[in-house]
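Trainee:
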Amino acid sequence: MRILVTGGAGFIGSHLIDRLMAAGHEVICLDNFFTGTKRNIFKWMNNPYFELIRHDITEPIRLEADQIYHLACPASPVHYQYNPVKTIKTNVIGTLNMLGLAKRIKARFLLASTSEVYGDPDVHPQPEEYRGNVNCIGIRSCYDEGKRVAETLAFDYHRQNNVDIRVARIFNTYGPRMLENDGRVVSNFVVQALQGKPLTVYGDGLQTRSFCYVDDLVEGLMRLMNQDYIGPVNLGNPGEYTILELAQKIQAMINPDAELVYKDLPSDDPKQRQPDITKAKKYLGWKPTIPLQDGLKLTIADFRERLV
Ligand code: NAD
Ligand code: UDP
1 MRILVTGGAG FIGSHLIDRL MAAGHEVICL DNFFTGTKRN IFKWMNNPYF ELIRHDITEP
61 IRLEADQIYH LACPASPVHY QYNPVKTIKT NVIGTLNMLG LAKRIKARFL LASTSEVYGD
121 PDVHPQPEEY RGNVNCIGIR SCYDEGKRVA ETLAFDYHRQ NNVDIRVARI FNTYGPRMLE
181 NDGRVVSNFV VQALQGKPLT VYGDGLQTRS FCYVDDLVEG LMRLMNQDYI GPVNLGNPGE
241 YTILELAQKI QAMINPDAEL VYKDLPSDDP KQRQPDITKA KKYLGWKPTI PLQDGLKLTI
301 ADFRERLV
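FYI, in UniProt numbering the residues of the sequence shown are 1 to 308.
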């Protein structure tokens, strides 16, 4: 198949491209390099079945493809809050453009949505039926509400124009190739510990997240794309940890002497998050296979190599 991956030079997108190329597909990677980098896809640059297009999805584009994985959007709070108006344009106008493309070329379209559609959840763990608790005027809303509109657009294009959609709600994912300055918690803690700096715990560190290794996540995305259930489907690892537990784990793995410093908790920071993956198990036969300890080992090795 010819497969378009928007945001393909980013963290998850580049791992997805590795899998698609290895499976013998023709891949078009479309990216504006805001948080993505050519380094992530460098190994495919001279492959005749790979094509890289520098393009901003807030502008329309004409291409041919059988499937579209739509991942383009900064995912780290630091990056999506850098230019929030641009983030919401990417989620709304960008997704509209990509759905318009899918409609015209009759491509199957998978949206990379997020657990952030549940906001600061008051139901725990979060099943897909939960409608969320999102502050529509807060600093996270350019991303949260942007993704909620992106889901709305996907379902409306499906109902109105018969676009063949799939919607994945991705929970916190980590692994090799996260940017050193990504700003998300796993990369921050690993980089800080490797550089002998104190680990920055926001708030009291008792808020929780559930961390999925990127290879597991990519497997889930591909399974979702290639079966009939349209979703939304939660994809994440149900193993739930407080941020303090994560800091202590990384501290123990890299530098037991590393200090922890406490910083202010950003506003609207969700207090708890854990995916209910009943649907992913049922429809995709998918569940994560890589425990946090193993995934962290691989992630630390990657950062160690890059930082040295
Ligand atoms: P990332 O920031 O590494 O990748 C995003 C990619 O999109 C980058 O390569 C960036 O340059 C590109 N991009 C951004 N705006 C663009 C635009 N206007 N036009 C073209 N390209 C653009 O993030 P990631 O972690 O790989 O996330 C990928 C997708 O998965 C995102 O849609 C994100 O919302 C979603 N997601 C990720 C996580 C996670 O934990 N990593 C969790 C939930 C959802
Ligand atoms: N966090 C932290 N220290 C950091 C970065 C993040 O304590 O250096 C916290 C953050 O406040 C949040 C959790 O870790 O409670 C996960 O943050 P991240 O930005 O990785 O993802 P998200 O909040 O979008 O789930």
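The beta carbon of each residue, even a glycine, is placed where N, CA and C say it ideally should be. Only a predicted model underlies this, so the values are computations on that prediction, with no experimental measurement involved.
Take serine 187 as the anchor and find which of Gln272, Glu59, Gly13, Ser76 has the nearest alpha-carbon.
Mentor: Walking along the sequence shown from the start, residue 187 turns up at place 187. Out of Gln272, Glu59, Gly13, Ser76, Ser76 has the C-alpha closest to the C-alpha of serine 187.
Trainee: Contact defined as beta carbons within less than 8 Å: I believe glutamine 121 pairs with glycine 132. What is the distance between those atoms, to the nearest angstrom?
Mentor: What you label residue 121 is simply residue 121 of the sequence shown in a count that begins at 1. What you label residue 132 is simply residue 132 of the sequence shown in a count that begins at 1. What sits at residue 121 in the sequence shown is proline, not glutamine. Between glycine 132 and proline 121 the Cβ distance is about 7 Å, and since that is below 8 Å, they are a contact.
Trainee: Throw me the rounded Cβ distance for the threonine 58 and proline 74 pair, which I believe falls under 8 Å.
Mentor: Taking the sequence shown and counting its residues from 1, the one referred to as residue 58 is at position 58. Taking the sequence shown and counting its residues from 1, the one referred to as residue 74 is at position 74. That pair is no contact at about 13 Å.
Trainee: Report the rounded CA-to-CA distance for arginine 19 versus asparagine 32, giving the unit in angstroms.
Mentor: What you label residue 19 is simply residue 19 of the sequence shown in a count that begins at 1. What you label residue 32 is simply residue 32 of the sequence shown in a count that begins at 1. If I take the Cα positions, the gap works out to 21 Å.
Trainee: Any heavy atom of the ligand NAD closer than 8 Å to the beta-carbon of lysine 147?
Mentor: Taking the first residue of the sequence shown as position 1, residue 147 is located at position 147. Yes, since a heavy atom of the ligand NAD falls inside the 8 Å radius drawn around the Cβ of lysine 147.
Trainee: Does the Cβ of arginine 273 have 16 or more other Cβ atoms within 10 Å, making it buried, or fewer, making it exposed?
Mentor: Locating residue 273 in the sequence shown gives position 273, where the first residue counts as 1. Buried, by the Cβ-count rule.
Trainee: With DSSP collapsed to three states, give me the class of glutamine 293.
Mentor: Within the sequence shown, the letter at position 293 stands for residue 293. Correct three-state label for glutamine 293: helix.
Trainee: Just confirm the distance between the C-beta atoms of leucine 284 and glycine 239, as a whole number of angstroms; I'd bet it's less than 8 Å.
Mentor: What you label residue 284 is simply residue 284 of the sequence shown in a count that begins at 1. What you label residue 239 is simply residue 239 of the sequence shown in a count that begins at 1. Leucine 284 to glycine 239, Cβ: 18 Å. No contact.
Trainee: Rounded to a whole number of angstroms, what is the C-alpha to C-alpha distance between serine 267 and arginine 140?
Mentor: Residue mapping note: residue 267 aligns to position 267 of the sequence shown, counting from 1. Residue mapping note: residue 140 aligns to position 140 of the sequence shown, counting from 1. Distance between the alpha carbons of serine 267 and arginine 140: 8 Å.
Trainee: Can at least three beta-carbon pairs, one atom from the segment 33–52 and one from the segment 153–171, be found at a separation below 8 Å?
Mentor: no
Trainee: Residue ranges of each beta strand (DSSP E) run of no fewer than 3 residues wholly in the segment 54–86, ordered along the chain?
Mentor: Complete beta strand (DSSP E) runs here, min 3: 67–70.
Trainee: According to DSSP, what are the bridge partners of cysteine 212?
Mentor: The residue you call residue 212 lines up with position 212 of the sequence shown. DSSP output for cysteine 212 lists Thr173 as bridge partner(s).
Trainee: Could you have a look at leucine 179 and say whether DSSP puts it in helix, strand or coil?
Mentor: Within the sequence shown, residue 179 is the residue found at index 179, counting from 1. Correct three-state label for leucine 179: coil.
Trainee: Leucine 96 to isoleucine 165, Cα distance in whole Å?
Mentor: Position 96 of the sequence shown, counted from the first residue, corresponds to residue 96. Position 165 of the sequence shown, counted from the first residue, corresponds to residue 165. The straight-line gap from Cα to Cα measures roughly 13 Å.
Trainee: Would you report the Cα separation of arginine 104 and isoleucine 28, rounded to the nearest angstrom?
Mentor: As a first step, residue 104 must be located in the sequence shown, where it is residue number 104. As a first step, residue 28 must be located in the sequence shown, where it is residue number 28. In a straight line, the C-alpha of arginine 104 is about 17 Å away from that of isoleucine 28.
Trainee: Within 10 angstroms of its Cβ, does serine 183 collect 16 or more other Cβ (buried), or is it exposed?
Mentor: To locate residue 183, count along the sequence shown from 1; it is residue 183. Just to set this straight, residue 183 is glycine in the shown sequence, not serine. Its Cβ being crowded by 16 or more others within 10 Å, glycine 183 is buried.
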